[in-house]
Amino acid sequence: MLNPRTRDAVEILNGLIRNNNERIKFYKHFLDYGNALNPDFREFFALISGESYQNNIWLSIEIQTIEGNIEAETPTNDLPSTHPSKDQIPEDSTILIQCDLHEEKIREAYSNAMDSVYIPQYMRDLLKKQVRRFEAAKRQLGRLMS
67 MLNPRTRDAV EILNGLIRNN NERIKFYKHF LDYGNALNPD FREFFALISG
117 ESYQNNIWLS IEIQTIEGNI EAETPTNDLP STHPSKDQIP EDSTILIQCD
167 LHEEKIREAY SNAMDSVYIP QYMRDLLKKQ VRRFEAAKRQ LGRLMS
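The sequence shown lines up with residues 67 to 212 when you count with the working numbering.
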């Protein structure tokens with residue numbers, strides 16, 4: 067049985083895994099447009115999804131290290147495979163605004179996790195590395211918006 071402090075850390079890390087899974091689903095939805103999607107977006111969205119997969123691997127390792135249980139949800143478990151028609155694709159500016167809002171949401175979740183007293187310093191260092199990736203994504207979004 068985990069002590070309460072460790073249990074809370076596991077809960078917070080699992081929450082970050084859920085956030086990364088949501089991020090993967092979000093970008094995968096746009097990638098399903100295939101060649102109808104702006105090629106710069108396709109490359110960027112694939113990169114972002116891959117980063118979130120990597121984030122989840124590292125978070126899962128930390129959970130296992132402290133002998134916690136990892137939530138079993140995977141990013142595509144509950145999504146039916148849909149292939150949106152080209153007629154449904156939003157305008158580029160709309161997509162980028164949605165991306166910006168989504169990126170802000172995950173940065174906020176990480177900020178809250180790093181502020182938690184239940185997350186030890188060595189885990190905060192890992193989270194800071196992941197946040198730097200989010201910040202790089204934010205800068206790239208800014209370039210795509212201009």
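Ideal Cβ placement from N, Cα and C applies to all residues, glycine included.
Asked, Found
"Rank GLU88, ASN80, ASP74 and ARG73 by C-alpha distance to the C-alpha of ILE114 and give the top, closest one.", "GLU88"
"State buried or exposed for LEU167, treating a residue as buried only when at least 16 other CB atoms are found within 10 Å of its CB.", "exposed"
"Evaluate ASN101 with the Cβ neighbour count: other Cβ atoms within 10 Å of its Cβ, from every protein chain shown; 16 or more gives buried, anything less gives exposed.", "exposed"
"When you compare only the Cα positions, how much space is there between SER182 and ARG190?", "10 Å"
"Would you grab the beta carbon distance between GLU137 and ILE83 for me? Rounded to a whole angstrom, and I think it's under 8 Å.", "6 Å"
"Just verifying my parser: in three-state terms, what is the DSSP assignment at GLY134?", "coil"
"Going by Cα to Cα distance, which pick from ILE123, ARG73 and CYS165 is closest to GLU133?", "ARG73"
"Count the other C-beta atoms from every protein chain shown that fall within 10 angstroms of the C-beta of SER118, then say buried if there are 16 or more, exposed otherwise.", "buried"
"Give the single residue among ARG173, PHE92 and GLN196 whose Cα lies nearest to the Cα of ILE123.", "GLN196"
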